[in-house]
Each structure stands twice: as structure tokens, then as C-alpha cells.
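Position one of the sequence shown corresponds to residue 36 (this note's numbering), numbered consecutively onward.
The C-beta atom is built at its ideal place from N, Cα and C for all residues, glycine as well.
Notes for the one structure printed next.
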Amino acid sequence: MNLLTTEELASLVDGLAGLPYGGEAVDQRTHALQTGWYAARAGADDELLLAATLHDIGRARPVRAAYPGLPHEDAGAAFARDRLGSARIAWMIGQHVPAKRFLVATDSSYRALLSPASIESLRVQGGPMDAAEVAEFRARPWSTEAVLVRRWDDAAKDPAAPTLELPAVLAAHTRLTNA
Ligand SMILES: [Fe+2]
36 MNLLTTEELA
46 SLVDGLAGLP
56 YGGEAVDQRT
66 HALQTGWYAA
76 RAGADDELLL
86 AATLHDIGRA
96 RPVRAAYPGL
106 PHEDAGAAFA
116 RDRLGSARIA
126 WMIGQHVPAK
136 RFLVATDSSY
146 RALLSPASIE
156 SLRVQGGPMD
166 AAEVAEFRAR
176 PWSTEAVLVR
186 RWDDAAKDPA
196 APTLELPAVL
206 AAHTRLTNA
């Protein structure tokens, strides 16, 4: 397996700087590190912290180039499987879009938290899950964590909010790689 080096991870995250995030007020790098900050505050383990920080890594140019034609959540999941060697991170990244469809279907207060850009993309993503999809999602072993990633993702669009420092992300990656 061609695992990602720490240097490659650093340049991947730094390469998100200046990359627009839909109609949001933060760029992709800030969004990633804010999502990671919420994960760290919640006491996430290394895999969960990396899944949160890298949930949109499928939008990074090198990842898009490696997995052309895939939706960003699937490209990110493939990247996590191939380059981080973690099925759990891959699943959580791949599910951050379905988790939004799950939350809209199951939490009546959730839709009010979504930004206008996120409400617009929900339509394209298939709208709320139906009852069968909700049951199937709930039955998956990491669905609770995928929902947490989604909630941190939604909160991480504020230019004034704190961000995780990149070294904390790299340290989590180093521990994962050496485990
Ligand atoms: Fe996101």
C-alpha cells in the first residue's frame, strides 16, 4: 500500500488554502481545520479527527486528479482507503453527504442550521432519506460518528471560529501510521 507521508498530508491540507467552499465564507483549508477543531474539542480519537478534518479532501486537486469523475465524498473515501489505509475513515468521509440526508429526515431542528448553499446542495444530493434509508444508515457500525462529522462540518463555516493547528492533524496521522 502506498501510504501517505506526513509531508504529503501537510501539502495536501495547505493546498486547500484559497480554494473556495461553495458559497461559504471560509476557504477549504479553514473549513477543514475548523471541522477538525470541533472533533478535537469533542475528544475524538485519531481516526475520527482525521475523518473530520479530511471529510472534503475529495475536493483537493491532487485527489480529484487521482479519482476522476467521482463525487467528492466518494473520491475522499477512496483516498482514505488507499492512502490512509483506514476503512473507518473512508466510511465516515464517504458518508458525510448521506449523513446530511439522514439528519434532515430525523432531526426537525437540523434543517434550520444549514446554510443556503447547503440547502441548495441537499436537493441535488437527493433530499431527505426515506424511512428505509434511515433504518439502513442507523444499522451501520459507524453511523453515529458519521453524524458527528456532519454536525462539525456544518458548524465549520464561520470565518471567526477557531481552527485546529495543522501539527495536531499531522500528529494524529503519524500515530495512525505507526500504530
Ligand atoms: Fe464540508
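Same chain only: Cβ atoms within 7 Å of residue i, ignoring 5 sequence neighbours per side
{"i": "Thr-212", "result": "Leu-38"}
{"i": "Glu-180", "result": "Leu-83 and Met-127"}
{"i": "Gly-133", "result": "Going by the sequence as given, residue 133 is Pro instead of Gly. Counting only Cβ-Cβ distances below 7 Å, and skipping sequence neighbours, we find Phe-172."}
{"i": "Arg-96", "result": "Gly-50"}
{"i": "Ala-110", "result": "Gly-93, Val-98, Arg-99 and Tyr-102"}
{"i": "Thr-198", "result": "Thr-65, Leu-68, Gln-69 and Trp-72"}
{"i": "Thr-141", "result": "Val-169"}
heavy atom of ligand 1 below 8 Å from residue i C-beta
{"i": "Thr-65", "result": "no"}
{"i": "Asp-62", "result": "no"}
{"i": "Ala-112", "result": "no"}
Contacting residues, own chain, Cβ-Cβ under 6 Å from residue i (five flanking each side not counted)
{"i": "Ala-112", "result": "Ala-125, Ile-128 and Gly-129"}
{"i": "Val-184", "result": "Ala-86, Ala-87, His-90, Met-127 and His-131"}
{"i": "Asp-117", "result": "none"}
{"i": "Gly-206", "result": "A small correction: the amino acid at residue 206 is Ala; Gly does not occupy that position in the sequence shown. Result list for Ala-206: empty, nothing under 6 Å."}
Residue of the options minimising C-alpha distance to residue i
{"i": "His-90", "options": "Gly-78, Ala-101, Pro-103 and Gln-69", "result": "Gln-69"}
{"i": "Glu-82", "options": "Ala-191, Ala-152, Leu-201 and Ala-122", "result": "Ala-122"}
{"i": "Asp-193", "options": "Thr-40, Thr-41 and Thr-65", "result": "Thr-65"}
{"i": "Val-48", "options": "Gly-58, Gln-63, Pro-55 and Gly-57", "result": "Gln-63"}
{"i": "Gln-160", "options": "Arg-76, Gly-53 and Glu-108", "result": "Glu-108"}
{"i": "Ala-115", "options": "Pro-151, Ala-196 and Thr-40", "result": "Thr-40"}
{"i": "Ser-156", "options": "Tyr-56, Met-36, Ser-144 and Ala-75", "result": "Tyr-56"}
{"i": "Leu-148", "options": "Asp-188, Glu-43 and Gly-104", "result": "Asp-188"}
{"i": "Arg-175", "options": "Ser-153, Arg-210, Leu-205 and Phe-137", "result": "Phe-137"}
Spatial neighbours of residue i in its chain, beta-carbon cut-off 8 Å, leaving aside the 5 residues before and after
{"i": "Val-61", "result": "Gln-69, Ala-191, Lys-192, Asp-193 and Pro-194"}
{"i": "Trp-177", "result": "Arg-123, Trp-126, Met-127 and Gln-130"}
{"i": "Leu-201", "result": "Ala-45, Val-48, Asp-49 and Leu-68"}
{"i": "Glu-59", "result": "His-66, Ser-150, Ala-152 and Lys-192"}
_Beta carbon shell of ligand 1 at less than 5 Å from a heavy atom_ = Screening all residues for a C-beta within a distance smaller than 5 Å of any heavy atom in ligand 1 leaves Asp-91 and Asp-188, in chain order.
*asked:* Which runs of the beta strand (DSSP E) at least 3 residues long sit entirely within the region 54-85? Give them in chain order.
replied: Complete beta strand (DSSP E) runs here, min 3: none at all.
*Can you list, in chain order, the stretches of the alpha helix (DSSP H) that have 4 or more residues and sit fully within the region 158-198?*
Runs found: 166-173 and 178-190.
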